Amino acid sequence: MSTLINVVQLIGRLGADAEVKSTTNGTKVSNVRFATNEYSRNSHGEWVETTYWHSLVFWGKLAERLEKKCKKGTRLLIQGSLVYRDYTDVNNIKREVTDIRVQQFMVLDGHAGHASLLEVPADIDDDDVDHHSS
21 MSTLINVVQL IGRLGADAEV KSTTNGTKVS NVRFATNEYS RNSHGEWVET TYWHSLVFWG
81 KLAERLEKKC KKGTRLLIQG SLVYRDYTDV NNIKREVTDI RVQQFMVLDG HAGHASLLEV
141 PADIDDDDVD HHSS
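Numbering of the sequence shown is given in this note's numbering, commencing with residue 21 and proceeding in unit increments.
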């Protein structure tokens, strides 16, 4: 049987400054919106830009590093996995959400063009992630 992999890689920009919060068990988390762009020609042959927005979740030390090193508009390369969850909103309507749980990222806007790769530390495992709060 072959191995199936859940991997997402995107290059884009942060939609806002990162804000780190703590879950009830003390784990750090940052939820941010992330914009990617696609260019295509319309029916008149003109180039048009389409922006897609993604929901990213950074956990633990990775969330802290994001807050320290990045701000709104920072260009990043991210790698993570798709996570599907649902919740009931304040109007008692069930909602389904797709997030990207970031496992590593690289800042592409750097001083003198230097990029830096930031990964989830080896001591962070799935048990450290609060899958019910975000």
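For glycine and all other residues, C-beta sits at the position ideal for the given N, C-alpha and C.
In this text the structure is predicted, and so the values were computed from the model without any measurement.
Return the bridge partner residues of residue i from the DSSP annotation.
i, result
"His74", "Phe54"
"Ser42", "Lys48"
Going by the beta-carbon positions, is the gap between residue i and residue j smaller than 8 Å?
i, j, result
"Gly93", "Arg33", "yes"
"Val103", "Arg85", "no"
Use the C-beta contact count for residue i: other C-beta atoms within 10 angstroms, 16 or more gives buried, fewer gives exposed.
i, result
"Arg61", "exposed"
"Ile113", "exposed"
"Ala36", "exposed"
"Gln29", "exposed"
"Trp73", "exposed"
"Ser50", "buried"
Counting along the chain, where does the alpha helix (DSSP H) carrying residue i start and finish?
i, result
"Glu87", "80 to 89"
What residue range is occupied by the uninterrupted beta strand (DSSP E) comprising residue i?
i, result
"Asp119", "114 to 127"
"Ile31", "28 to 34"
"Thr108", "95 to 108"
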